[in-house]
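Engineer: So that we are looking at the same thing, I have put the structure below in structure tokens.
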Amino acid sequence: MGSIQKKSEGVGIQASAMMSACFLSGAMLSISFITVPVLYNTTDAPSQLLKQWSRLYWYGHIYMPAMSVAVTGLFFYIAAQKRASKKDIWSRYAMAGAATITMVPYTLIVMAPTNNSLFALSDEALVGPSSVSLKEVQEIIFGWAWLHVARCVFPFVGSMIGLMSFMQESMGH
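Here it is as structure tokens:
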């Protein structure tokens, strides 16, 4: 009975890691596919659009990287368990964790210039009337939204690597 309970606990952690990575990816995608279009359709003022984007970014940067770190921790925990039990599959769970956390350096390296442009425009708009047009702000946010879609791929890939590893392990390969 003890080995069945121990195995089901391991499956629970694996399921939590895979489902959390999928949830993270989906939550992030909703920002680009639902929230950004809503922002576009609810204001004609560039300063208001910049303020809305800044708040969106603020909340996203609090929750999404933290969730990525937590999911990565689950995948690395699974990898450590598998490695300790001499199972070769451990490296795939480590890859799932690495794929998931890659969204953080992607943000810092690839998205930072766009983020910084939007922050600068937002700061400028707080001081007074901005010379930037609504169309210019929308174009920058549109570019950001597509960079964000690319960022969503990392936790999704992590979940798929985790799922394939789990399936392979379950089939005894």
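Throughout the sequence shown, residue numbering follows the UniProt record's numbering, covering 1 to 173 in sequence. Even glycine gets a Cβ: it sits at the ideal position worked out from N, Cα and C. Note that the structure is a prediction, hence the values are computed from the model and not measured.
1) How long is the line joining the alpha carbons of residue 27 and residue 128, rounded to whole angstroms?
2) DSSP three-state label for residue 133, please.
3) Take residue 92 and list the residues in its own chain whose beta-carbon comes closer than 7 Å to its own, dropping the five residues that flank it on each side.
4) According to DSSP, is residue 123 helix, strand or coil?
5) Exposed or buried, which one is residue 107 when buried takes at least 16 other CB atoms within 10 Å?
6) Can you give me the Cβ contacts of residue 157 inside the same chain, cut-off strictly under 7 Å, excluding the 5 residues immediately before and after it?
7) Does DSSP put residue 102 in a helix, in a strand, or in coil?
8) Only counting the same chain, and skipping five residues up and downstream in sequence, which positions put a Cβ closer than 7 Å to that of residue 44?
9) If residue 72 sits next to residue 97, beta carbons under 8 Å apart, how far is it from one beta carbon to the other, in whole angstroms?
10) Reducing DSSP to helix, strand and coil, say where residue 80 ends up.
Structural biologist: Concretely, from the data shown:
1) 34 Å
2) coil
3) If we look at residue 92 and ignore the five residues flanking it on each side, its Cβ neighbours are 161, 165.
4) helix
5) buried
6) Correct list, in chain order: 99.
7) Residue 102 falls in the coil class under three-state DSSP.
8) 134
9) Between residue 97 and residue 72 the Cβ distance is about 4 Å, and since that is below 8 Å, they are a contact.
10) helix
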